[in-house]
Amino acid sequence: MQEDILAQIDSLPPLPQTVIYIEEFKQKEDKCPQELARIVAKDPLILSTLLKVSNSAMFGFKKKIETPQMAVSLLGVNFTISLAFGSAIKNLVETSLEPYGANADAFLDSATQAVMLSSRWVNTIDSSLKERLSLPVFLLEIGKFIISRILKEKNLIDAFYAEVKDSLNIAEVEKKYIGISTSFITAAIFEKWGLSESLIADIKYVDEPLHVDNQSLKISHIIHVVNQVCNIVAPFKEEAISEAVAYAQNVGLPSKELLDIIRVMQGQ
């Protein structure tokens with residue numbers, strides 16, 4: 105990994121205590137929603153994001169969500185964990201996502217859509233993977249904040265965006281400009297923070313599922329497909345959907361079911 109990327113990762117602050125508490129909570133076999141709500145309530149930024157997302161049009165809850173208890177109850181424990189992680193980490197690494205034509209809200213929106221798509225699709229693959237997939241799907245794109253910083257320092261924002269805005273392979277554009285893609289950077293960030301080895305392994309090779317060192321092939325394939333559809337540059341772009349469906353079919357994942365779920369989400 106290039107020195108400028110390593111320097112950016114090394115400069116990141118440690119994880120806030122709330123995330124450490126959530127990580128400990130995540131390891132418990134019996135996950136009490138009330139306990140998670142109490143943890144989330146201690147962090148104003150995480151709580152604000154949780155309530156904002158809960159009340160977004162994406163979910164369409166009929167009554168306003170005003171407390172962490174209501175949010176956890178309606179969103180579920182696994183999604184709340186992912187959203188809390190994503191919100192806290194976004195606040196630590198946040199910079200402009202201008203090279204991708206996006207901002208922090210777009211990051212949260214695309215990550216939320218990705219979790220919704222993966223949780224529905226994985227029911228047609230292996231429902232036991234739903235809990236495992238939620239966190240890596242939501243956090244995958246964190247590395248783009250580091251890439252954006254580097255592109256800004258090198259005055260490459262406009263040149264990068266000119267290529268990435270119409271690309272169906274964002275990872276290849278990233279590698280062209282900085283020599284590495286998002287999934288590898290996200291994994292390196294989580295290694296620095298000492299997050300679980302299984303989470304790191306599930307994220308690291310998403311951009312290159314067939315990498316010789318990949319020990320999470322099926323997971324990588326699933327997240328790769330979901331990320332093609334819910335990419336931060338142009339989520340649910342028809343060309344990207346076609347690519348994702350074809351990829352799923354090629355690797356033996358249910359492609360018709362994938363397309364059906366995508367069409368339902370587009371209509372919501």
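Going by the numbering used here, 338 is the number at position 234 of the sequence shown; the sequence numbering is gapless. Think of the CB as a built atom: it goes at the ideal place given N, C-alpha and C, for glycine as much as any other residue.
Boundaries of the alpha helix (DSSP H) in which Tyr-309 is found, first to last residue:
If you number the sequence shown from 1, residue 309 lands on position 205. From DSSP, Tyr-309 is part of no alpha helix (DSSP H); its letter is neither H nor E.
Are the segment 298 to 316 and the segment 141 to 154 touching, with three or more C-beta to C-beta distances below 8 Å?
When C-beta atoms of the segment 298 to 316 are compared with those of the segment 141 to 154, fewer than three pairs fall below 8 Å, so the two segments do not count as touching.
I need the straight-line Cα distance from Ile-169 to Ser-177, nearest angstrom please.
For this step, residue 169 is matched to residue 65 along the sequence shown. For this step, residue 177 is matched to residue 73 along the sequence shown. Roughly 10 Å separates the two Cα atoms.
Let me know if Ala-266 comes out buried or exposed under the rule of 16 or more other beta-carbons within 10 Å of its beta-carbon.
Along the sequence shown, one-based indexing puts residue 266 at 162. By the 10 Å Cβ count, Ala-266 comes out exposed.
Taking buried to mean at least 16 other C-beta atoms within 10 Å of its own C-beta, is Val-368 buried or exposed?
Numbered from its first residue, the sequence shown carries residue 368 at position 264. With fewer than 16 other Cβ atoms from the protein chains shown falling within 10 Å of its own Cβ, Val-368 counts as exposed.
Opposite Leu-201 in the DSSP bridges: which residues?
Mapped onto the sequence shown, residue 201 falls at position 97. DSSP, once it has assigned bridges, lists Ala-206 as partnering Leu-201.
Where does the unbroken alpha helix (DSSP H) through Phe-264 begin, and where does it stop?
On the sequence shown, position 160 is the one that residue 264 refers to. From DSSP, the alpha helix (DSSP H) with Phe-264 extends over 261 to 268.
Rounded separation between Leu-221 and Ile-366 - CA only:
Against the sequence shown, residue 221 aligns to sequence position 117. Against the sequence shown, residue 366 aligns to sequence position 262. C-alpha separation (whole angstroms): 7 Å.
Rounded to whole angstroms, what's the CA-CA distance from Ser-320 to Leu-212? Just pull it up for me.
Numbered from 1 along the sequence shown, position 216 holds the residue referred to as residue 320. Numbered from 1 along the sequence shown, position 108 holds the residue referred to as residue 212. In a straight line, the C-alpha of Ser-320 is about 25 Å away from that of Leu-212.
Residues near Leu-260 in its chain [Cβ-Cβ closer than 7 Å; skip 5 each side]:
Counting from one through the sequence shown, the residue named residue 260 turns up at place 156. For Leu-260, where only same-chain residues beyond five positions count, the Cβ hits under 7 Å are Tyr-281.
How would you label Leu-110, buried or exposed, when you count the other beta carbons within 10 angstroms and need 16 or more for buried?
Walking along the sequence shown from the start, residue 110 turns up at place 6. Exposed: under 16 other Cβ atoms inside 10 Å.
Measure how close the beta-carbons of Val-241 and Ile-327 come, nearest whole angstrom, since I'm counting them as under 8 Å.
For the purposes of this step, residue 241 is taken as residue 137 along the sequence shown, with counting starting at 1. For the purposes of this step, residue 327 is taken as residue 223 along the sequence shown, with counting starting at 1. The Cβ separation is near 6 Å, so the contact holds.
Alpha carbon to alpha carbon, what distance is there between Cys-334 and Pro-358?
Within the sequence shown, numbered from 1, the residue matching residue 358 stands at position 254. Within the sequence shown, numbered from 1, the residue matching residue 334 stands at position 230. So the alpha carbons of these two residues sit roughly 18 Å apart.
If we count the other Cβ atoms within 10 Å of its Cβ and call it buried at 16 or more, is Asn-354 buried or exposed?
Counted from its first residue, the sequence shown places residue 354 at position 250. Within 10 angstroms of the beta-carbon of Asn-354 lie fewer than 16 other beta-carbons, which makes it exposed.
Between the alpha carbons of Leu-155 and Leu-233, how many angstroms are there, rounded?
Sequence index remark: in the sequence shown, residue 155 carries index 51 (1-based). Sequence index remark: in the sequence shown, residue 233 carries index 129 (1-based). The straight-line gap from Cα to Cα measures roughly 27 Å.
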